[in-house]
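S.K.: Supplied in structure tokens, the structure appears directly below.
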Amino acid sequence: MQKPTAPLPRDVPESRSAAADAPTGARTISHVRNFAIIAHIDHGKSTLADRLIQITGSLTEREMKEQILDSMDIERERGITIKAQTVRLIYHAEDGEEYTLNLIDTPGHVDFAYEVNRSLAACEGSLLVVDASQGVEAQTLANVYQAIDNDHEIIPVLNKVDLPAAETERVKAQIEEVIGLDASDALPISAKTGVGVPAVLEAIVKRLPAPKGIPDAPLKALLVDSWYDPYLGVVVLVRMIDGHLKKGQKIKMMGTGAAYPVDKVGVFTPKMLEVDVLGPGEIGFLIGGIKEVADTRVGDTITDEKKPTAAMLPGFRPAIPVVFCGLFPVDAADFEDLRTAMGKLRLNDASFSYEMETSAALGFGFRCGFLGLLHLEIIQERLEREFNLDLIATAPSVVYKIALNDGSEIELHNPVDMPDPTKIASISEPWIKATIMTPDDYLGAILKLCQERRGVQTDLSYVGSRAMVTYQLPLNEVVFDFYDRLKSISKGYASFDYHIENYREGDLVRMNILVNAEPVDALSMLVHRSQAENRGRAMCEKLKELIPQHMFVIPIQAAIGGRIIARETIRALRKDVTAKCYGGDASRKRKLLDKQKAGKKKMRQFGKVEIPQEAFIAALKVDS
Numbered sequence: 001m002q003k004p005t006a007p008l009p010r011d012v013p014e015s016r017s018a019a020a021d022a023p024t025g026a027r028t029i030s031h032v033r034n035f036a037i038i039a040h041i042d043h044g045k046s047t048l049a050d051r052l053i054q055i056t057g058s059l060t061e062r063e064m065k066e067q068i069l070d071s072m073d074i075e076r077e078r079g080i081t082i083k084a085q086t087v088r089l090i091y092h093a094e095d096g097e098e099y100t101l102n103l104i105d106t107p108g109h110v111d112f113a114y115e116v117n118r119s120l121a122a123c124e125g126s127l128l129v130v131d132a133s134q135g136v137e138a139q140t141l142a143n144v145y146q147a148i149d150n151d152h153e154i155i156p157v158l159n160k161v162d163l164p165a166a167e168t169e170r171v172k173a174q175i176e177e178v179i180g181l182d183a184s185d186a187l188p189i190s191a192k193t194g195v196g197v198p199a200v201l202e203a204i205v206k207r208l209p210a211p212k213g214i215p216d217a218p219l220k221a222l223l224v225d226s227w228y229d230p231y232l233g234v235v236v237l238v239r240m241i242d243g244h245l246k247k248g249q250k251i252k253m254m255g256t257g258a259a260y261p262v263d264k265v266g267v268f269t270p271k272m273l274e275v276d277v278l279g280p281g282e283i284g285f286l287i288g289g290i291k292e293v294a295d296t297r298v299g300d301t302i303t304d305e306k307k308p309t310a311a312m313l314p315g316f317r318p319a320i321p322v323v324f325c326g327l328f329p330v331d332a333a334d335f336e337d338l339r340t341a342m343g344k345l346r347l348n349d350a351s352f353s354y355e356m357e358t359s360a361a362l363g364f365g366f367r368c369g370f371l372g373l374l375h376l377e378i379i380q381e382r383l384e385r386e387f388n389l390d391l392i393a394t395a396p397s398v399v400y401k402i403a404l405n406d407g408s409e410i411e412l413h414n415p416v417d418m419p420d421p422t423k424i425a426s427i428s429e430p431w432i433k434a435t436i437m438t439p440d441d442y443l444g445a446i447l448k449l450c451q452e453r454r455g456v457q458t459d460l461s462y463v464g465s466r467a468m469v470t471y472q473l474p475l476n477e478v479v480f481d482f483y484d485r486l487k488s489i490s491k492g493y494a495s496f497d498y499h500i501e502n503y504r505e506g507d508l509v510r511m512n513i514l515v516n517a518e519p520v521d522a523l524s525m526l527v528h529r530s531q532a533e534n535r536g537r538a539m540c541e542k543l544k545e546l547i548p549q550h551m552f553v554i555p556i557q558a559a560i561g562g563r564i565i566a567r568e569t570i571r572a573l574r575k576d577v578t579a580k581c582y583g584g585d586a587s588r589k590r591k592l593l594d595k596q597k598a599g600k601k602k603m604r605q606f607g608k609v610e611i612p613q614e615a616f617i618a619a620l621k622v623d624s
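Residues 1 to 624 in this note's numbering are what the sequence shown lists, from first letter to last.
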């Protein structure tokens, strides 16, 4: 979760407060509070975290900057949180007592819901941040339901009350109506200006429960996250349940059975701060002789090797990739660099998976699994930016289940690997349950979009002037440009959340794109038979615009098996070979033209069509 923002020296500074050094038992577990900040995208989670850090004095004014917990460049540029981050705050309450607050700032986007899930497992309470001008959104619902599933005490916080469009009473009523939470004591704040934020700290102390734990019991800790630091090795984030964790102790991972000596334990303030001991209820990190992030399974139980705890913690579900696509280097010589880059990236993102694959058109590359299209985009951008690579991404596809005539079932990640149609009994595709919230003005256009994507409406209800519509949709129809189209037709006001529901049988066929009679693997896709012709025609038209003219005619075709379902032709660049012919017999011109015609025919036979990288990306975003 928390990653150091800059290279750290091997010896962590020893200067620290006595309060940080004392074991939790000495401060009593009743003075600890663990909480997450959950909200929809852009409702102000990271800004509220900034204010809490500032008010508790965890960083000096010189060290503070906006979105201090968003440490990656890409997070700061896009204004989104990708990795959940943790920080310990020391708060002196109005009653004169000193409290230790462990805050986790979580992402808002649906692609990073797994980060939210495991962050909530480490806490007892949540701050539910809702924009006082926009109200409850789809991801607000998804995150609050996850918090309720984890038995959290939830404090509603209405942010951005300083905006002229803020309607606190309306949003309070919306929280009660849509979520079913009592919002009468919701806290009105402005995280940007700091108005009302001290009241949030008091509410955390008074309204959230303290963690439970037995100091004298054998060590039991939940492995919440792990990442690789080039100076320190693998850093493991743990939530203490029972017992104590200290330097020099020999620990055991109950899931893998591996044992390691503990070299350092500490907390994030948000800087790394070494402490002597971590006690029950606390959240901190440990550093041992762990070489691979793969050795530290998220959700595993950590215990003492000599005095192990009796039972493992339930842990949480691993992140399952739902979108697959191929990543290939533009220059084949960069393949080894790409392999190295992916290995390094995998160290800090356990949800990213990859395996090697080859393509006739693109050479050697990797088939990669992602949690969604934004996750794909982020990984591709990080590979290009941090490792200086030029990449081609193939068409994103979902995991299909194919039942064969011999009774066996296989999973299909890449449409190119589809078996012979005569051997296939049926093909099943994943379906999702999507929740869309939108102002009433755009409802008609959104319903039309969902119908076009083979959606089945299951519910439609109103919260004031906002409609909440629930649809069952094939994931295949969503991974291309559904989110972009939704935002476009609703002028950015609609919000969207989904989770995978089940697999259903469908009439699916593989559509190939042929450029100059050569199939382009990167653009092969599985589509529903009823939409194959429209999708094929749109794809050919788009490629006609994007592929530059060559010296010969280029046919672009969409085909299902041996049947061509759509075609476009890129005309040849025409050089005027008769320009130097002045007068004379017409056969002189004819001879030059025939010679040019023969040359073009030969060129078309042996010529190679260069398809620019933008054409691959843009061709996939066609509106079917």
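Note that beta-carbon positions come from the ideal geometry of N, C-alpha and C, so glycine has one too.
The model shown is predicted, which means the values in this text are computed figures rather than measured ones.
For Ala49, does the three-state DSSP call read helix, strand or coil?
M.R.: Of the three classes helix, strand and coil, the one that applies to Ala49 here is helix, per DSSP.
S.K.: Give a yes or no on whether the C-beta atoms belonging to Leu449 and Ile489 are separated by under 9 Å.
M.R.: It is a contact, given that the beta carbons lie within the stated cut-off.
S.K.: Give me the Cα-Cα distance between Lys247 and Thr28, rounded to the nearest whole angstrom.
M.R.: Each residue's Cα considered, the two are about 21 Å apart.
S.K.: Measuring straight from C-alpha to C-alpha, what distance separates Met240 and Asp334?
M.R.: Spanning the two alpha carbons is a distance of roughly 44 Å.
S.K.: Taking the alpha carbon of Leu338 as the point to measure from, which residue in Pro321, Glu357, Gly365, Cys325 has its own alpha carbon closest?
M.R.: Among Pro321, Glu357, Gly365, Cys325, the Cα nearest to that of Leu338 is on Gly365.
S.K.: Evaluate Gly506 with the Cβ neighbour count: other Cβ atoms within 10 Å of its Cβ, from every protein chain shown; 16 or more gives buried, anything less gives exposed.
M.R.: Burial call: buried.
S.K.: Can you say whether Arg33 is buried or exposed, counting buried as having 16 or more other CB atoms within 10 angstroms of its CB?
M.R.: Buried, by the Cβ-count rule.
S.K.: For the beta strand (DSSP E) that contains Gly407, what are its first and last residues?
M.R.: Looking at the DSSP string, Gly407 is not in any beta strand (DSSP E), and its letter there is neither H nor E.
S.K.: Runs of 3 residues minimum, wholly inside the segment 330-394: which ones carry the beta strand (DSSP E) assignment?
M.R.: If we require 3 residues or more, the beta strand (DSSP E) runs fully inside the segment 330-394 come out as 353-359, 363-370, 391-393.
S.K.: Out of curiosity, what's the CA-to-CA distance linking Ala310 and Pro218?
M.R.: Taking the straight line from one Cα to the other gives about 9 Å.
S.K.: Determine the direct distance from the alpha carbon of Gln134 to that of Glu176, and round the result to whole angstroms.
M.R.: In a straight line, the C-alpha of Glu176 is about 15 Å away from that of Gln134.
S.K.: Provide the residue(s) that pair with Pro156 in DSSP beta bridges, ordered along the chain.
M.R.: Beta-bridge pairing links Pro156 to Leu128.
S.K.: State the DSSP-derived secondary structure class of Asp521, mapped to helix, strand or coil.
M.R.: Three-state result, Asp521: helix.
S.K.: Is it the case that the segment 118-133 contacts the segment 162-170, given that we only count it when at least three CB pairs across the two stretches are under 8 Å?
M.R.: Verdict: yes, contact present.
S.K.: With respect to the alpha helix (DSSP H) encompassing Lys448, which residues constitute its N-terminal and C-terminal limits?
M.R.: Residues 443-452.
S.K.: Compute the beta-carbon to beta-carbon distance between Val157 and Val129, rounded to the nearest angstrom, for a pair I have assumed lies under 8 Å.
M.R.: Between Val129 and Val157 the Cβ distance is about 5 Å, and since that is below 8 Å, they are a contact.
S.K.: His40 to Asn143, Cα distance in whole Å?
M.R.: About 8 Å.
S.K.: With a CB to CB cut of under 7 Å and the five nearest residues on each side skipped, what residues in its chain are close to Glu305?
M.R.: Correct list, in chain order: Lys250, Ile251, Lys252, Ala259.
S.K.: Between the Cα of Leu460 and those of Arg454, Glu452, Thr438, spot the shortest distance and give me the residue it belongs to.
M.R.: Ranking Arg454, Glu452, Thr438 by Cα distance to Leu460 puts Thr438 first.
S.K.: Measuring only the C-alpha atoms, how far is Met356 from Arg466?
M.R.: Straight-line Cα distance between these residues: approximately 46 Å.
S.K.: How would you call Tyr231, buried or exposed, if buried means at least 16 neighbouring beta carbons within 10 angstroms?
M.R.: Tyr231 should be labelled exposed.
S.K.: So, under 8 Å CB-CB, Leu286 and Lys264 are touching, yes? Tell me the CB distance rounded to an integer number of Å.
M.R.: Leu286 to Lys264, Cβ: 7 Å. Contact.
S.K.: Find the nearest neighbour of Phe199 within the set Glu274, Thr296, Gly257, Glu94, judged by alpha-carbon distance.
M.R.: Note that residue 199 is Ala in the sequence shown, not Phe. The option with the nearest alpha carbon to Ala199 is Glu94.
S.K.: Going along the chain, which unbroken runs of the alpha helix (DSSP H) with 4 or more residues stay wholly within the segment 525-555?
M.R.: Segments of the alpha helix (DSSP H) lying fully in the segment 525-555: 529-546.
S.K.: Alpha carbon to alpha carbon, how far is Gly57 from Arg51?
M.R.: Each residue's Cα considered, the two are about 10 Å apart.
S.K.: With respect to the beta strand (DSSP E) encompassing Lys433, which residues constitute its N-terminal and C-terminal limits?
M.R.: 424-439 is the extent of the beta strand (DSSP E) around Lys433.
S.K.: Looking only at C-alpha atoms, which of Ala36, Gly266, Leu473 sits nearest to Thr435?
M.R.: Ranking the options by Cα distance to Thr435, first place goes to Leu473.
S.K.: From Ile410 to Arg567, what distance separates their C-alpha atoms?
M.R.: In a straight line, the C-alpha of Ile410 is about 33 Å away from that of Arg567.
S.K.: Please list, in chain order, all residues of the same chain as Asp21 whose beta carbon is under 7 Å from its beta carbon, the five residues on each side excluded.
M.R.: Any answer about Asp21 is weak, because its pLDDT of 38 lies below 50 and its placement is not dependable; what the coordinates show is given next. Cβ neighbours of Asp21 beyond the five flanking positions: Val275, Asp276.
S.K.: Which of the three DSSP states is assigned to His31 in this structure?
M.R.: If DSSP states are grouped into helix, strand and coil, His31 belongs with the helices.
S.K.: Could you check the C-alpha separation between Trp462 and Val87 for me, to the nearest Å?
M.R.: Correcting the residue identity first, residue 462 is Tyr in this sequence and not Trp. Straight-line Cα distance between these residues: approximately 39 Å.
S.K.: For Leu101, does the three-state DSSP call read helix, strand or coil?
M.R.: Of the three classes helix, strand and coil, the one that applies to Leu101 here is strand, per DSSP.
S.K.: With 16 other CB atoms within 10 Å as the buried threshold, where does His152 fall?
M.R.: By the 10 Å Cβ count, His152 comes out buried.
S.K.: When burial is assigned at 16 or more other CB atoms within 10 Å of the CB, is Ala598 buried or exposed?
M.R.: Exposed.
S.K.: Can you tell me the Cβ-Cβ gap for Phe35 and Leu103, rounded? I've got them flagged as a contact below 8 Å.
M.R.: With a Cβ gap of about 6 Å, Phe35 and Leu103 count as contacting.
S.K.: In the DSSP assignment, what are the bridge partners of Ile626?
M.R.: Lying outside 1 to 624, the shown extent of the chain, residue 626 is not represented and no answer is given.
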